[in-house]
Amino acid sequence: MKIQKFKMNESGLKRFFGPLEAKIMDILWSGEERTIKDVQLELEKEKATNFNTVMTVMNRLVEKGLLQKRAEGRTTMFKPVLTREEFVNTQSKEMTHELMDEFGSVVVSHMIDALDDADDDLVAQLEQKIKELKKER
1 MKIQKFKMNE SGLKRFFGPL EAKIMDILWS GEERTIKDVQ LELEKEKATN FNTVMTVMNR
61 LVEKGLLQKR AEGRTTMFKP VLTREEFVNT QSKEMTHELM DEFGSVVVSH MIDALDDADD
121 DLVAQLEQKI KELKKER
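Right, here's the structure in full:
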């Protein structure tokens, strides 16, 4: 599942999703599978949200391959296809590969520059990864 639009001017999940999609995914990632009504009630703690709007967005997330649904009697249950961590890992890996394919060494240079703000543990992990890559070649 490839997210088609990445929003540079947003933060968190809103970089990948619309505002309501992000809230719905956040709710579903926080626990067990839920019904549309469960999600709507959770959303309404912040702001009045129409049931049909929530249903439409959740069904679109199913179509995009982000949610799966199953019938339980007369109720439909929804849950994410991937955990939040799996989703973020998949999307960031995909974006990194696309940036590398398109811009090559410029991207690597900028990533290295960004390490100025990284903690020592992250730098150590990257050094280890580079050593492993060198051994494989």
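Just so we're aligned: the sequence shown equals residues 1 to 137 in UniProt numbering.
All C-beta atoms in this analysis are idealised placements derived from N, C-alpha and C, irrespective of residue type, glycine included.
| field | Short Cβ contact (8 Å threshold) for residue 198 with leucine 28 | value | No answer is possible for residue 198: the residues shown for the chain start at 1 and end at 137.
| query | By the 10 Å Cβ neighbour count, where 16 or more other Cβ atoms means buried, how is leucine 122 classified, buried or exposed? | reply | exposed
| query | Which of helix, strand or coil does DSSP assign to threonine 75? | reply | strand
| Among Met25, His110, Ile36 and Glu85, which has the Cα closest to the Cα of glutamate 72? | Ile36
| query | Which of the three DSSP states, helix, strand or coil, is assigned to arginine 15? | reply | helix
| query | Apart from the five residues on each side of it in sequence, which residues of its chain come closer than 8 Å, Cβ to Cβ, to histidine 97? | reply | none
| task | Please classify leucine 61: does DSSP put it in a helix, a strand, or coil? | result | helix
| query | Any idea what DSSP makes of arginine 84, helix, strand or coil? | reply | helix
| task | Tell me, please, which residues DSSP counts as bridged to arginine 34. | result | Phe78
| query | Quick one: what does DSSP say lysine 69 is sitting in, helix, strand or coil? | reply | strand
| task | Mind reading off the beta-carbon distance from valine 39 to valine 54? Whole number of angstroms is fine, and I expect it under 8 Å. | result | 6 Å
| What is the C-beta distance between phenylalanine 16 and glutamine 91, in whole angstroms, given that I count them as a contact (C-beta under 8 Å)? | 6 Å
| query | So is valine 57 buried or exposed if we call it buried at 16+ other beta carbons inside 10 Å? | reply | buried
| query | Candidates Asp119, Asn89, Met95 and Gly31: which alpha carbon is nearest lysine 7's? | reply | Met95
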